[in-house]
Amino acid sequence: MADDEEEVGEEENTNNFGSYEGDRNEKRERHGFGKATLSNGEYIKNKRHGQGIFYYPDGSKYEGEWNDNVRDGHGIYTYPNNDTYEGEWRNHQREGTGTYTYAATSMS
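The following block contains the structure:
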């Protein structure tokens, strides 16, 4: 099932994801596996949940676990300058064990 929506905000916690093709529940919410213009991965009740990838307007990208539409669990964030952080996330924040790698020097 597909839908086309205009992107309203730049924040990933908005429920407006651009175009979407994928599974839906009885309320026509995104639920199950889907593919969207900006966010690809699993959805529950119209929110990212489980594994997914989100591409930000500034060129950065998060690939990892989501819980109730927020980065939560293990993931890799690639910054616009190609620096990366791979590790644990809680409520959109780096937390716990992780490694930040500087792209210019390839040093952690």
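The numbers in this note's numbering rise by one with no breaks, and the one at position 37 of the sequence shown is 47.
Virtual Cβ for every residue (Gly too), placed ideally from N, Cα, C.
Classify residue i as buried or exposed, calling it buried when 16 or more other Cβ atoms lie within 10 Å of its own Cβ.
{"i": "residue 50", "result": "buried"}
{"i": "residue 42", "result": "exposed"}
{"i": "residue 75", "result": "buried"}
Give the secondary structure of residue i by DSSP, where H, G and I count as helix, E and B as strand, and everything else as coil.
{"i": "residue 57", "result": "strand"}
{"i": "residue 21", "result": "Legend: pLDDT at residue 21 = 47, less than 50; position of this residue unreliable, no value from coordinates given."}
{"i": "residue 16", "result": "Reliability fails at residue 16, whose pLDDT of 28 lies under 50, so the model's placement of it is uncertain and the value that follows must be treated cautiously. DSSP places residue 16 in coil when its eight states are reduced to three."}
{"i": "residue 72", "result": "strand"}
{"i": "residue 84", "result": "strand"}
Kindly list the residues whose CB is nearer than 6 Å to the CB of residue i, restricted to its own chain and excluding five residues on each side of it in sequence; keep chain order.
{"i": "residue 87", "result": "72 and 95"}
Closer than 7 Å by C-beta to residue i: which residues in its own chain qualify, once you throw out the five before and the five after it? Chain order, please.
{"i": "residue 101", "result": "80 and 82"}
{"i": "residue 128", "result": "The displayed coordinates of the chain run from 11 to 118. Any statement about residue 128 would go beyond what the structure contains."}
{"i": "residue 40", "result": "30, 32, 34, 53 and 56"}
{"i": "residue 107", "result": "97 and 98"}
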